[in-house]
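The structure appears below as structure tokens.
Number of protein chains: 2
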Amino acid sequence: MEWKNFDQLEAYGKLGSLSPVDVKTVMAGESGVKRVAEYKIPMACGMLYSYAAKAVDDTVLDVLQGLADEAELTAKYEELYNGAVINTGEKRLVLHQLTRGQLGKDVIADGVNKREFYVGQQKRAAEFANKVHAGEILNEAGEKYTTAVQIGIGGSDLGPRALYLSLENWAKVNNTLKMEAKFISNVDPDDASAVLASVDVAHTIFVLVSKSGTTLETLTNESFVKDALSKAGLDPSKHMVAVTSETSPLAGNPDYLDSFYMDDYIGGRYSSSSAVGGVILSLAFGPEVFARILKGAAEEDVLAKNPDIRKNAALMDALIGVYERNFLGYGETAVLPYSQGLSRFPAHLQQLDMESNGKSVNRFGEPVNYSTGPVIFGEPGTNGQHSFYQLLHQGTDIVPLQFVGFKKNQIGNDVVIQGSTSQQKLSANVAAQIMAFACGKDDENPNKYFKGGRPSSIIVGDQLVPETLGALLAHFENKVMFQGFVWNLNSFDQEGVQLGKVLAKKVLAKDTDGALTAYSEMLEIF
Amino acid sequence: MEWKNFDQLEAYGKLGSLSPVDVKTVMAGESGVKRVAEYKIPMACGMLYSYAAKAVDDTVLDVLQGLADEAELTAKYEELYNGAVINTGEKRLVLHQLTRGQLGKDVIADGVNKREFYVGQQKRAAEFANKVHAGEILNEAGEKYTTAVQIGIGGSDLGPRALYLSLENWAKVNNTLKMEAKFISNVDPDDASAVLASVDVAHTIFVLVSKSGTTLETLTNESFVKDALSKAGLDPSKHMVAVTSETSPLAGNPDYLDSFYMDDYIGGRYSSSSAVGGVILSLAFGPEVFARILKGAAEEDVLAKNPDIRKNAALMDALIGVYERNFLGYGETAVLPYSQGLSRFPAHLQQLDMESNGKSVNRFGEPVNYSTGPVIFGEPGTNGQHSFYQLLHQGTDIVPLQFVGFKKNQIGNDVVIQGSTSQQKLSANVAAQIMAFACGKDDENPNKYFKGGRPSSIIVGDQLVPETLGALLAHFENKVMFQGFVWNLNSFDQEGVQLGKVLAKKVLAKDTDGALTAYSEMLEIF
Chain A
113 MEWKNFDQLE AYGKLGSLSP VDVKTVMAGE SGVKRVAEYK IPMACGMLYS
163 YAAKAVDDTV LDVLQGLADE AELTAKYEEL YNGAVINTGE KRLVLHQLTR
213 GQLGKDVIAD GVNKREFYVG QQKRAAEFAN KVHAGEILNE AGEKYTTAVQ
263 IGIGGSDLGP RALYLSLENW AKVNNTLKME AKFISNVDPD DASAVLASVD
313 VAHTIFVLVS KSGTTLETLT NESFVKDALS KAGLDPSKHM VAVTSETSPL
363 AGNPDYLDSF YMDDYIGGRY SSSSAVGGVI LSLAFGPEVF ARILKGAAEE
413 DVLAKNPDIR KNAALMDALI GVYERNFLGY GETAVLPYSQ GLSRFPAHLQ
463 QLDMESNGKS VNRFGEPVNY STGPVIFGEP GTNGQHSFYQ LLHQGTDIVP
513 LQFVGFKKNQ IGNDVVIQGS TSQQKLSANV AAQIMAFACG KDDENPNKYF
563 KGGRPSSIIV GDQLVPETLG ALLAHFENKV MFQGFVWNLN SFDQEGVQLG
613 KVLAKKVLAK DTDGALTAYS EMLEIF
Chain B
113 MEWKNFDQLE AYGKLGSLSP VDVKTVMAGE SGVKRVAEYK IPMACGMLYS
163 YAAKAVDDTV LDVLQGLADE AELTAKYEEL YNGAVINTGE KRLVLHQLTR
213 GQLGKDVIAD GVNKREFYVG QQKRAAEFAN KVHAGEILNE AGEKYTTAVQ
263 IGIGGSDLGP RALYLSLENW AKVNNTLKME AKFISNVDPD DASAVLASVD
313 VAHTIFVLVS KSGTTLETLT NESFVKDALS KAGLDPSKHM VAVTSETSPL
363 AGNPDYLDSF YMDDYIGGRY SSSSAVGGVI LSLAFGPEVF ARILKGAAEE
413 DVLAKNPDIR KNAALMDALI GVYERNFLGY GETAVLPYSQ GLSRFPAHLQ
463 QLDMESNGKS VNRFGEPVNY STGPVIFGEP GTNGQHSFYQ LLHQGTDIVP
513 LQFVGFKKNQ IGNDVVIQGS TSQQKLSANV AAQIMAFACG KDDENPNKYF
563 KGGRPSSIIV GDQLVPETLG ALLAHFENKV MFQGFVWNLN SFDQEGVQLG
613 KVLAKKVLAK DTDGALTAYS EMLEIF
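Chains as they are written, first to last, in the numbering used here: chain A, 113 to 638; chain B, 113 to 638.
What follows is the structure, encoded as structure tokens:
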């Protein structure tokens, strides 16, 4: 296995010498119809990835296939799931796919079969959740718990929160919302105060999530919550479970009802399918629903093994993104789900992508000479259409677009207005937007002229249910992984978050000088 | 008054020939202390705008002052608030500042004194809200309303929603939360279904907001809600008010409890201080709180009149942003409020900025040859620190940062952990981040090396209360306006949203061909 910088590959030069594909031209008329029919890849759970409206053609795709082959992208994926030390900076394995399936060999680390370890934790979480739901684990007053509140930040918050919100309404309709879930993350005390005011603490289980057991924001919020519990005359140890690593100070601590474990081989932003997501989602929806999420993710992970880019949606998505970033010069990607349930999914992808690949050094710690991860942002359509789409359509820069759409909504209530249902309007809008961005519109009035040529892809599914959600999650995790391989990055550490932590501690210790002192005074911290 | 393209100005050439300021160098040591002391501008309500950590020095600032003078920026503002036809595309006045104060001459349009018209509507909304709160307006069963739900999209949603969330917890603590507010925006029927399931419709007033009275998403959601009301045996006309223009089909319609008016001179994304925000916020918090928001905004509007850029925060912010965009080559701006209350403020600013200045033609409809509005995104700190800050610190591109911080939180509950309160930790983090971004950190290990040189500004206030919130709102509105003047854009239309609407209607009418048909089939719209 060779780990070369992107610009050392033969494919790099070839990509640079390609003639750009004019999206406006190729998406017009019969050519467009042909592309929509051909440029699509089946995904797990009946979904498909369509890249017809991207600035690629068979010539570009052949070069991208050459890049995938030369950079040994699927072989590197194989290395990863077979337990190589892919996280070079921290010298760790990268095993989040193992939380949902076994893709290759048994991975034995620290004397343990890791797949068995993760499955064991899932079983423990499932049993715990079942007991809570069945009333076998009760509060001090012998009453059932009704609410679960996750305390975590970053990967211990964004992914699980996005998944919960994705299925909350679906679960209500399908009578599988066992407990309402809420989330506390920000160290701003107003966050915890507001969540606490909105729940019945006597009937709430708090799920404290910190891999290291030392995340300052999370421990602060834990104390905040324990304070509130004590003031309400409740016993904090009857209202809190921990999700952490086995070596953390939170592990097996009698201050918690129970503890569930992940390990150092699960990066925070890749931890939704581990106990980090598993405990809260099993409590909220029941373990069966969480298992269905894992099933969808596992299916997608298997599809990502295919070395043929035309049959591997995550790999294709990754490669097109690299081409856009390094050769078409696009600095951002907008994620635009046409599904209200995915309202916070872009925020999760923002962390997943930007924290993984927002780096300037390669996996060996050497500076790279090419652009890496783009800025990711997004809001659900149709809301975005009435907001920032103006810039996407007529701004001076081109922003590649990642649409997501479903044939059916989750709740099923609908109404016919002006001859169509809301769901039809929603889907009509996403279809219309793809074509508006691709082909634009001529107009004598330059103010009403749409240049077009703005590339997009779309993932289409039948409905947002646990399986398709899991598949979506895995798709993007694997896309980011493949891009990291191309850029020769370590996508699994995050050294860039350390300096701020160090300086914040200095401020709190009053150990500052220069402008840091001046800003501290401006903010009247003391 | 001359309206020239930016690149026709003398200052354009001068800006291009400036030597770049190295943020890392100037923010170190005593130089940094001096900059923090000097590079700040008082804002309304005791707030301040600090631009010490931006890539400017006195030389750059002098050229920016020259730009402001040459482009007659404050004179153009004066034109605007005195009632000139600034919205050239739609041939409209631009009067949102008039909803909160009179900055210049009386503006008479359509035979009406516009300031009096807006104030009149505020009084009507206040009276209506007071009657609802006092139980003088009751539901069919003679009971009080407890909840208000806004139905709107884009500017009728994002601004009012951001303002509501900004003050919801403050209002609870200060016993001025009169009614809980919720928002329905997306045409995805799951949005309306979920909100309806979360409220007691029998005691809910729906505030239907559409200037034209023809916004398809909003009318669809209105029907959805009316359907639900009817099915619950309720009379929709007893549960709905309209906010619209006087010429819309919704005006004075007996299907509503009452109607409140704005007009074509209030752009959607600038409408929070009109009846669009006024009705829902007066219902939620009481009219006095809404008046306090307006007071803060009005104070900030007055400060924006100052032609001295060193005394005009909105103007300075605008000019530095232009310099970053056109001469330093930065394509994005991240908005990072260290206040949980401002959780959706970035989404509002995203629309405000990107819909206003995401354009490729000037105000006369002629193409421009320079970059215009950047991509805006953001999440509250400290959450963002554990998410996308990795890329901001160590990514290959530089993203300018706009921090917002407050000395006090809103709710006032706090807890001391490891020797400091949560509020101290929150403020310590924002101070630390500014310096980490500016000065970076040397390290032998390139993976732990922070290059620094990443510019930021911060707005600091005492506390997020109605006045400071209003001032913040106006600051960004005025910043965007000034940038539009520099780029010679019409920041007040949004032709870029039209094409998608037209194509969506074609899909719904089954009047499609080519790839649009193919995508419609893929999504199984029919």
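Every residue gets a Cβ at the ideal spot worked out from N, C-alpha and C, and that includes glycine. These numbers come from a predicted model, not from an experiment.
Local conformation of residue i per DSSP, three classes
i	result
D370 (chain B)	strand
F562 (chain B)	strand
P492 (chain A)	coil
L308 (chain A)	helix
L289 (chain A)	coil
R212 (chain B)	coil
T137 (chain A)	helix
T580 (chain A)	helix
P486 (chain B)	coil
A409 (chain A)	helix
I249 (chain A)	coil
K256 (chain A)	coil
I220 (chain B)	strand
K622 (chain A)	coil
Closer than 7 Å at the beta carbon, the chain B residues around residue i
i	result
E329 (chain A)	T494
L538 (chain A)	V299 and D300
Alpha carbon of residue i to alpha carbon of residue j, nearest angstrom
i	j	result
E411 (chain A)	E191 (chain A)	19 Å
Q497 (chain A)	I488 (chain A)	17 Å
P512 (chain B)	Q462 (chain B)	15 Å
K166 (chain A)	E150 (chain B)	49 Å
T211 (chain B)	S539 (chain B)	34 Å
K217 (chain B)	V473 (chain B)	30 Å
V414 (chain B)	A241 (chain B)	29 Å
W282 (chain B)	R204 (chain B)	37 Å
Y482 (chain B)	L179 (chain B)	16 Å
P154 (chain B)	R422 (chain B)	10 Å
A529 (chain A)	P301 (chain B)	Looking at the sequence shown, residue 529 (chain A) is not Ala but Ile. In a straight line, the C-alpha of I529 (chain A) is about 12 Å away from that of P301 (chain B).
G379 (chain A)	I392 (chain A)	18 Å
Residues bridged to residue i [DSSP beta-bridge criterion]
i	result
S162 (chain B)	B:K152 and B:I570
A652 (chain A)	Here chain A covers residues 113 to 638 and nothing more, so residue 652 (chain A) does not appear.
R204 (chain A)	A:N199
T533 (chain B)	B:V528
L513 (chain B)	B:A446 and B:S568
Q262 (chain A)	A:F295 and A:V319
Where residue i meets chain A, residues with beta-carbon distance less than 7 Å
i	result
Q535 (chain B)	P301
Q522 (chain B)	D302
Contact set between residue i and chain B, taken where Cβ atoms lie within less than 9 Å
i	result
F336 (chain A)	N525, D526, V527, I529 and S534
D169 (chain A)	Here the premise fails: no neighbours, minimum Cβ distance about 15 Å.
N281 (chain A)	D302, S305, A306 and A309
A164 (chain A)	A627, A630 and Y631
Chain A residues whose Cβ lies nearer than 8 Å to that of residue i
i	result
N557 (chain B)	G477
G325 (chain B)	What G325 (chain B) touches in chain A: nothing, since even the nearest Cβ is about 14 Å away.
K560 (chain B)	E607 and Q610
Residue i: contacting residues in chain A (beta-carbon distance under 9 Å)
i	result
A140 (chain B)	G626 and A627
Listed by chain order, chain B residues near residue i by CB distance under 8 Å
i	result
L275 (chain A)	Those within 8 Å of L275 (chain A) in chain B number zero; the least Cβ separation is about 16 Å.
Task: the stretch 453–470 of chain B: positions lying closer than 7 Å to chain A by Cβ - done: G453, A459, Q462, Q463, M466, E467 and G470
Task: Against chain B: residues of the stretch 369–385 of chain A by CB proximity under 9 Å - done: Interface annotation for the stretch 369–385 of chain A against chain B: G380 and R381, criterion Cβ-Cβ distance under 9 Å.
- [ ] Compile a chain-ordered list of the residues in the stretch 233–245 of chain A whose CB is closer than 8 Å to at least one CB of chain B.
- [x] Flagged: no residues at all.
Task: Short-range partners of chain A found in the stretch 496–520 of chain B, where Cβ spacing is below 7 Å - done: The residues in question are Q497, H498, S499, F500, Y501, Q502, L503, H505, Q506, G507, T508, D509, V511, G517 and K519.
- [ ] Below 7 Å between beta carbons is the criterion; list the residues of the stretch 331–364 of chain A that meet it against any residue of chain B, in chain order.
- [x] L331, T332, S335, F336 and D339
Open item on the list: Along the stretch 242–270 of chain B, where does the CB come closer than 8 Å to a CB of chain A? Name the residues.
Closed with: I265, G266, G267, D269 and L270
Open item on the list: At a CB distance below 7 Å, what residues from the stretch 197–226 of chain B approach chain A? Give them in sequence order.
Closed with: Listed in sequence order: G201.
Open item on the list: Against chain A, which members of the stretch 481–493 of chain B pass a CB distance test of less than 7 Å?
Closed with: Within the stretch 481–493 of chain B, contact with chain A at the beta-carbon level (separation under 7 Å) is assigned to S483, T484, G485, V487, F489, E491 and P492.
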